[in-house]
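Here's the structure we're looking at; comments come further down.
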Amino acid sequence: MKKLAIIGFGWLGSRIADILKEKYQIYSTTTSAEKCLDLKKQGWNIEVAFFSDDKIDTSLHQADFIKDMDAVMITVPFSERRHSPEAMKNRAANIAKYIGDFDKPVFMMSSTGIYPEISKIMTEDEVRSEDLISEGAFKNYFPQINILRLGGLMGDNRLLKNYGIKDPENLVNHIHYEDIAKVVEVMIEKKLTHKLYNLVAPLHPTKQEIIDVQTGNSTDKNNNTEKKGKEISPQKLIDDLDYEFLRPDPKYFHN
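Read in order, the letters of the sequence shown are residues 4 to 258 in the numbering used here.
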């Protein structure tokens, strides 16, 4: 059985682990000793690891289990908008020290939030990784890295109807966590490296269309309201991987 390290066992990391545990031996990290103990009782291979934003931690070194992995996935969040440049550089450096000189596939979960708020179709070429602090840092540490720019994370308990939303006429760029897990699995099996993909569902309904379906107020007919906002294209991923989305339509992520 292949081995996969998931750095960060949060909302996304835990769901990916749960899906892939039948095919991969999963190793992961959490920042909480209490959570670590609970997860160990559930049978997970997990250890406590904290990646400081404040400074580069000189005590960090490659985790003992990393060298035995077939792939490493980084799900620790980074935000160009919410975190200072220095904080992101420190966090990336600390994670890199923990992963060490690993030369097999590495995956970074980035975000489509890096694209400008312009009403147009966005491809990966719109923003270079080298021009972003977090993506650029990880490319320097791990030249072989695969960067997946994720849309808004949805599925399970995350339903748009439960959130206070603005601009209901705006298109969504959402992704179901099941597709994230599947894409990672496909890329590991293909032994892919050095890839940059937008990972977003191929259909882009408006926020209002999704809420109408989730609340039972929709007849599911075409809405003639003018749609606004950017549309993130996953076409490169679809073409390269010959990928068919498990959950192509965000209107039905709740089913």
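By construction, the Cβ of each residue, glycine as well, lies at the ideal position given by its N, Cα and C atoms.
All figures in this text were calculated on a predicted structure; none of them were measured in a lab.
Nearest by alpha-carbon distance to residue i: which of the options is it?
i	options	result
residue 208	14, 29, 252 and 21	252
residue 143	153, 151, 132 and 152	132
residue 78	194, 247, 69 and 31	31
residue 246	231, 190 and 217	190
residue 165	215, 148, 205 and 192	215
residue 38	52, 148 and 163	52
residue 161	88, 255 and 70	255
residue 127	183, 48 and 241	241
residue 96	138, 187 and 69	138
residue 4	42, 186, 27 and 33	27
residue 17	129, 184 and 163	184
residue 129	34, 44, 67 and 233	233
residue 125	244, 9 and 238	238
residue 148	105, 88 and 86	105
residue 140	25, 114 and 94	94
residue 88	244, 122, 134 and 192	134
residue 107	8, 136 and 33	8
residue 35	84, 157, 91 and 12	12
On the CB-based measure, 16 or more other CB atoms within 10 Å of its CB, does residue i come out buried or exposed?
i	result
residue 197	exposed
residue 109	buried
residue 200	buried
residue 40	exposed
residue 219	exposed
residue 249	exposed
residue 46	exposed
residue 70	exposed
residue 229	exposed
residue 182	buried
residue 43	exposed
residue 212	buried
Verify the CB distance criterion: does residue i have a CB-CB separation below 9 Å to chain C?
i	result
residue 145	In the displayed structure, chain C is absent; only one protein chain is listed.
Could you check whether the Cβ of residue i sits closer than 8 Å to any heavy atom belonging to the ligand ZN?
i	result
residue 229	Only the bare structure without any ligand can be found here, which leaves the ligand ZN out of the picture.
Under 8 Å by Cβ, that's how I've got residue i and residue j pegged, so tell me the actual separation to the nearest angstrom.
i	j	result
residue 6	residue 112	Not confirmed; about 19 Å, so no contact.
residue 19	residue 187	7 Å
residue 203	residue 168	That pair is no contact at about 18 Å.
Point to revise | Every unbroken alpha helix (DSSP H) within the segment 125-184, with a cutoff of 4 residues, ordered by chain | key: Listed in chain order, the complete alpha helix (DSSP H) runs (minimum 4 residues) inside the segment 125-184 are 136-144.
Check your understanding: Is there contact between the segment 89-102 and the segment 55-65, where contact requires at least three CB pairs shorter than 8 Å?
Key -> A contact exists between the segment 89-102 and the segment 55-65.
**Study point:** Given 8 Å, three or more beta-carbon pairs between the segment 50-60 and the segment 159-177
**Key:** No, they do not touch.
Exercise for review: Entirely within the segment 181-257 and at least 4 residues each: give me those alpha helix (DSSP H) ranges in chain order.
Suggested key: Correct list: 210-217 and 238-244.
**Study point:** Cβ pair count under 8 Å reaching 3, the segment 151-160 against the segment 107-124
**Key:** Contact annotation: the segment 151-160 touches the segment 107-124, with at least three C-beta pairs closer than 8 Å.
Check your understanding: Hey, which unbroken runs of the beta strand (DSSP E) at 3 residues or more fall wholly within the segment 9-50?
Key -> Counting only runs that start and end inside the segment 9-50, the beta strand (DSSP E) elements of at least 3 residues fall at 27-33.
Practice item. Counting only runs of 4+ residues fully inside the segment 45-109, write out the alpha helix (DSSP H) ranges in chain order. Key: 88-102, all fully within the segment 45-109.
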